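Colleague: -17 is the number of the first residue of the sequence shown in the working numbering; add one for each residue after it.
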Amino acid sequence: MLSDEQIERYSRQIILPQVGGKGQEKLLSAKVLVYASGAVHAATLHYLAAAGVGTLGVFSEARDDILSALSSLQDSDSVHVLTRLNPDCTIIVHEAEAVRSPRRLVEAYDVVIADSVELHDACLQAHRPFVYAQIAGEEAWLAVLRGYEADAPCLRCAPQILPATAAVSQHSAIGDLFVGAQLATETVKHLLGMPCSPVTHRLRFHFPSFQCAMEIMDKSPHCLTCGIVVHR
Ligand SMILES: [Zn+2]
């Protein structure tokens, strides 16, 4: 049951027919894990906190990365910036040791936003949606991967979208904000039970022109990762 304060805080969302009071309660009870690897995910965290997602798990291989990612969009140098943004939001910071048991980590959440192959594989095993974006230069690709479903590809089905090692850093701040917002939007849509982007497609963005296109991603019949998960 939403309090009067929450009804006022989320009034602009609650009036949307796709959200309503019940939808806002869903968001407040939802748990989302974000692998904070840079400014894109820092932006995503801010959007999710503002939307009223109740629990945000933040994970990074290095705690300094979390702090620098969060501080890249705000003056504060602390994860508490998110709880100040929305006191309804509980922030859980996972230390690097958590990735030693990635499946246990992702099972505690409803959705995972990351660009880590290890967390992707854990999501596949645990049947959790993996919301993924890759930026290279002036373009970005975004996909909601559910390779545990019969016709849905996993990250390893499409090696061309596997996380790049060096090319991802050359993009603009507006690209970070734009992609961060898209990651949050796809996550909120999933949490609300709204139609999401097709699991067989990825979205491709071109920042300068803001052009967007859907590209087909096929599930590989030879994929040893999601094939084993689906057919076991
Ligand atoms: Zn696969």
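Yeah, the Cβ is synthetic: ideal placement off N, Cα and C, and Gly gets one too. Because the structure is a prediction, the values reported are computed rather than measured.
(1) What is the rounded straight-line gap between the Cα of L127 and the Cα of Q116?
(2) Tell whether a beta-carbon distance below 9 Å holds between Q107 and Y91.
(3) For the alpha helix (DSSP H) containing G39, name the first residue and the last one.
(4) Helix, strand or coil: how does DSSP classify K13 here?
(5) Between the Cα of H188 and the Cα atoms of A132, A122 and C139, which residue gives the shortest distance?
(6) With the cut-off set at 9 Å, would you say G34 and L10 are in Cβ contact?
(7) Once you ignore the five residues that flank C105 on each side, which residues in its own chain have a CB closer than 6 Å to its CB?
(8) With which residues is I74 paired in a DSSP beta bridge?
(9) For V1, does the three-state DSSP call read helix, strand or coil?
(10) Would you kindly work out how many angstroms separate the C-alpha atoms of V75 and F192, rounded to a whole number?
(11) Given this structure, state the Cα-to-Cα distance separating A32 from A155, to the nearest angstrom.
(12) According to DSSP, what are the bridge partners of H238?
(13) Comparing C-alpha positions only, which one of F160, D103, E120 and G162 sits nearest to R138?
(14) Report the residue from R85, E100, F41 and H28 whose alpha carbon sits nearest the alpha carbon of T65.
(15) Here's the rule: buried if 16 or more other CB atoms are within 10 angstroms of the residue's CB, otherwise exposed. What is L(-2)?
(16) Is the separation between the beta-carbon of A288 and that of G162 shorter than 9 Å?
(17) Going by beta carbon distance, what residues of the same chain come within less than 7 Å of G68, once the five residues before and after it are set aside?
(18) Got a sec? Which residues, its chain only, sit under 8 Å from E168 by beta carbon, not counting five neighbours each side?
(19) Just the Cα atoms here: how many angstroms apart are V170 and G157?
(20) Could you name the residues whose beta carbon sits closer than 7 Å to any heavy atom belonging to ligand 2, keeping them in chain order?
(21) Cβ atoms of V1 and A96: under 9 Å apart, would you say?
(22) With E197 as the anchor, note down where its beta strand (DSSP E) starts and where it stops.
Modeller: Reading off the structure:
(1) Taking the straight line from one Cα to the other gives about 13 Å.
(2) Remark: C-beta atoms of Q107 and Y91 do not approach each other more closely than 9 Å.
(3) Annotation: G39 is outside any alpha helix (DSSP H); the continuous beta strand (DSSP E) that includes it extends over T37 to F41.
(4) The three-state secondary structure of K13, taken from DSSP, is strand.
(5) It is A122.
(6) In this structure, L10 lies closer than 9 Å to G34 by Cβ.
(7) So the list reads V88, V94 and F112, once near-sequence residues are dropped.
(8) When DSSP reads this structure, I74 sits in a beta bridge with G39.
(9) Of the three classes helix, strand and coil, the one that applies to V1 here is coil, per DSSP.
(10) Rounded to the nearest angstrom, the gap between the Cα atoms of V75 and F192 is 34 Å.
(11) Cα atoms of A32 and A155: separation of roughly 20 Å, rounded to the nearest angstrom.
(12) Outside the modelled stretch of the chain, which goes from -17 to 214, sits residue 238, for which no answer is possible.
(13) With distances taken between Cα atoms, R138 lies closest to D103.
(14) In terms of CA proximity to T65, H28 leads the group R85, E100, F41 and H28.
(15) Exposed: under 16 other Cβ atoms inside 10 Å.
(16) Nothing about residue 288 can be reported from this structure: the residues present for the chain run from -17 to 214 only.
(17) Correcting the residue identity first, residue 68 is Asn in this sequence and not Gly. Cβ neighbours of N68 beyond the five flanking positions: A31, A32 and G34.
(18) Correct list, in chain order: V113, L124, V126, C178 and S179.
(19) Taking C-alpha positions only, V170 is separated from G157 by approximately 20 Å.
(20) With respect to ligand 2, the structure offers nothing, as its ligand set consists of ligand 1.
(21) It is not a contact, given that the beta carbons lie outside the stated cut-off.
(22) Here the beta strand (DSSP E) through E197 covers Q193 to I198.
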